[in-house]
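Peer 1: Before I ask anything, here is the structure I am working with.
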Amino acid sequence: MWARAEWGALVQLQPSPVRVPFPVSFDSNELLMEFIDDGEGNAAPRLAQVRPDPEALDTLWRQFREIVLALAATGHTHGDLSPYNLLVAPGVDGSPHGQLVVIDLPQLVDVVVNPDGFDYLRRDIVNVATWFAARRAQADAESLFAEAVAVLY
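Sequential numbering from -13 applies to the sequence shown in my numbering.
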């Protein structure tokens, strides 16, 4: 069941600006998707595993903000977002700071339809903003939540 939900979320998000692994195939309970690597053939690290310098931290926060707002533009939030399901892949534009890739999407939440949707949205933002703030980034969870709500309406 989770594989079907993840497949649907990956397919739905492909045309959006949110970077997610490319879904290759789905059969029964097996899902094959793009391998996100670190540029050297190893798995890309999770955001929770990296120690970015201040400039990279600011760049990654801006990317996270863009992800939240792009998901909100589709009416959704991740539903279980944390620094553990954001990968830091090599930047496609040659950026030395990397690019965030969202993974683990089977619980993608329709914020408006789900009675707890706004709670999930706030929790997703706070979970990741707390990680950024602990590293001294200018990460304002409440401001980002307000922006996301404005995008939803």
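C-beta atoms are modelled at their ideal positions from N, C-alpha and C, and glycine is treated no differently.
Below 8 Å on the Cβ atoms is my contact criterion, and I expect residue 7 with residue 112 to pass it. Report the Cβ-Cβ distance as a whole number of Å.
Peer 2: Contact doesn't hold; Cβ gap of about 25 Å is too wide.
Peer 1: Considering Cα atoms alone, identify which of 9, 121, 37 and 120 is closest to residue -6.
Peer 2: Taking residue -6 as reference, the option from 9, 121, 37 and 120 with the minimal CA-CA separation is 9.
Peer 1: So what does DSSP say about residue 40, is it helix, strand or coil?
Peer 2: Three-state result, residue 40: helix.
Peer 1: Assuming residue 191 is part of the beta strand (DSSP E), what are its boundary residues?
Peer 2: Past the edges of the chain, shown from -13 to 139, lies residue 191, and the structure says nothing about it.
Peer 1: Is residue 55 helix, strand or coil by DSSP?
Peer 2: helix
Peer 1: What beta strand (DSSP E) runs, 3 residues minimum, are completely inside the region 73 to 112?
Peer 2: Complete beta strand (DSSP E) runs here, min 3: 85 to 88.
Peer 1: Please return the same chain residues whose Cβ sits closer than 7 Å to the Cβ of residue 123, not counting the five positions on each side in sequence.
Peer 2: Counting only Cβ-Cβ distances below 7 Å, and skipping sequence neighbours, we find 43, 44 and 47.
Peer 1: I'd like the list of long-range same chain contacts for residue -8, defined as Cβ closer than 7 Å, with 5 residues on each side in sequence excluded.
Peer 2: 17, 91 and 92
Peer 1: By the three-class DSSP mapping on this structure, what secondary structure does residue 67 have?
Peer 2: coil
Peer 1: Quick check on residue 32: does DSSP put it in helix, strand or coil?
Peer 2: Of the three classes helix, strand and coil, the one that applies to residue 32 here is strand, per DSSP.
Peer 1: Could you check which residue in 66, 108, -12 and 120 has the C-alpha nearest to that of residue 132?
Peer 2: Here the closest residue by C-alpha is 108.
Peer 1: Is DSSP giving residue 16 helix, strand or coil here?
Peer 2: Of the three classes helix, strand and coil, the one that applies to residue 16 here is strand, per DSSP.
Peer 1: Does the Cβ of residue 106 have 16 or more other Cβ atoms within 10 Å, making it buried, or fewer, making it exposed?
Peer 2: buried
Peer 1: Going by DSSP, what residue range makes up the alpha helix (DSSP H) through residue -6?
Peer 2: -12 to -1
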